[in-house]
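This report refers to the structure that appears directly beneath it.
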Amino acid sequence: MNLSRFWLFQKGFPQGATWACLTALVSISNDVVARQASGNLDGLQISFFRFLFSMLTVLPFMLPKGLKAFKTSNPKLHVYRAILGVAAIALYTYSVLLVPLNEVTTFSFTQQFFVLILAAIFLREKISNNRWIATFFGFIGILIVIDPTDNKVNLLAFIPMGAAFLFAGLDVLAKRMVSTETTMTLLFYFALGTTIAALGPALMVWKTPTYTELFWLFLLGSGANLIQVFLFRAFYAADASSLAPFRYVELVFASIFGYFLFGEVIKFNTILGAFVIIMTTLYLTYSETLHKKRALRKK
């Protein structure tokens, strides 16, 4: 079936923006699903099932292609990614269960700043002054959300921030692997490796899930893959830089879902901190795009 004849599957900014908004919607929906599955289960067990069902839903797309679909040239890096991934998603799962959705989403925006720092250290990438300025103001935004002047600072805020740091590490690893690996091998081996790595910790807190919980967990694993697929479609339809602002639609969805489903009211310092972080990343996106255009003109 030729999907390109449908409007949504064609190239163009409106299509890319639509896919980006759908990505944000599925991402927040997945967070809601994680909470629905958490009634009787620990975050470690939820993470394990997320990885397991993510792997099982990728397999049907790989098996018809035979062994060549599983070929990889970076088995060691897949192992590193899996170990890092278990820690990252376990922390993120706990943050979704313990921290208001709007705050979790706000802290996730800091991932880009951590990527800059880690890329400078491990990939030896040259970091421009604009990037360092953006990183500085990004962390100012974090401080505003945490509000260290408050005597009742919520230490739980460091859980989603730790998850953002580890996800940044995953991005840096993926950046090293993307030139030699296919999208499907990256998805599959990450899901396989994390399933194996998460099994031990999950068994330590194991409780037999009900059929209802298994249903939610299946949706969680499937949704994790769906987020990636929608994101790839967005980048296929339009330039990544032009779609950057649409990432912040996720905060809108998080605030709406958090309020109506869980009674979470967004705090003023969260709004202010999110504004600083969003404006900083938009500035960074604009300056990077301008730099690339100037480099192309010189060529």
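Counting along the sequence shown from 1, when you hit position 77 you're at 193 in our numbering, and nothing is skipped either side. Glycine included, every Cβ here is placed at the ideal spot set by N, Cα and C. Predicted, not measured: the structure shown is a model, and the values here were computed from it.
Report task. Measure from the alpha carbon of Arg376 to the alpha carbon of each residue in Asn218, Met277, Thr324 and Ser403, then state which is nearest. Result -> Note that residue 376 is Phe in the sequence shown here, rather than Arg. Comparing Cα-Cα distances from Phe376 to each of Asn218, Met277, Thr324 and Ser403, the minimum goes to Asn218.
Report task. Could you check which residue in Asp158, Asp263 and Ser358 has the C-alpha nearest to that of Trp322? Result -> Asp158
Query raised in the report: Taking buried to mean at least 16 other C-beta atoms within 10 Å of its own C-beta, is Phe165 buried or exposed?
Result: buried
Query raised in the report: For the 8 Å Cβ check, are there 3 or more pairs between the stretch 275-288 and the stretch 234-249?
Result: yes
Requested in this report: Please confirm whether Asn385 and Met293 have their CB atoms less than 7 Å apart.
Outcome: no
Query raised in the report: Between the Cα of Ala185 and the Cα atoms of Thr326, Met300, Ala390 and Leu319, which residue gives the shortest distance?
Result: Met300
Requested in this report: Determine, using beta-carbon pairs with one atom in the stretch 246-262 and one in the stretch 378-396, whether at least three such pairs fall under 8 Å.
Outcome: yes
Query raised in the report: Are Ala340 and Leu282 touching if we call contact CB-CB under 7 Å?
Result: no
Report task. Go to Ile387, then tell me how far its alpha helix (DSSP H) extends in each direction, as first and last residue. Result -> Phe384 to Lys414
Query - When Thr188, Gly379, Val365 and Lys409 are compared against Ser224, the one with the closest alpha-carbon - result: Val365
Report task. Check the C-beta distance from Met277 over to Thr310 and give it rounded, since I have them as a contact under 8 Å. Result -> Contact flag wrong, Cβ pair sits at about 21 Å.
Report task. Answer with buried or exposed for Trp332, where buried requires no fewer than 16 other C-beta atoms within 10 angstroms of its C-beta. Result -> buried
Query - Reduced DSSP category for Ser120 - H, G, I as helix; E, B as strand; rest coil - result: helix
Query - Segment limits, alpha helix (DSSP H) that includes Thr311 - result: Thr299 to Met320
Query raised in the report: Ordered along the chain, which non-local residues of its own chain (more than five positions away) have a Cβ less than 7 Å from that of Ile382?
Result: Asn218 and Ser371
Report task. Give the single residue among Phe362, Gln152, Phe304 and Asn246 whose Cα lies nearest to the Cα of Gly201. Result -> Phe304
Report task. Out of Ala360, Phe306, Val220 and Leu302, point me to the one whose CA is closest to Ala273's CA. Result -> Val220
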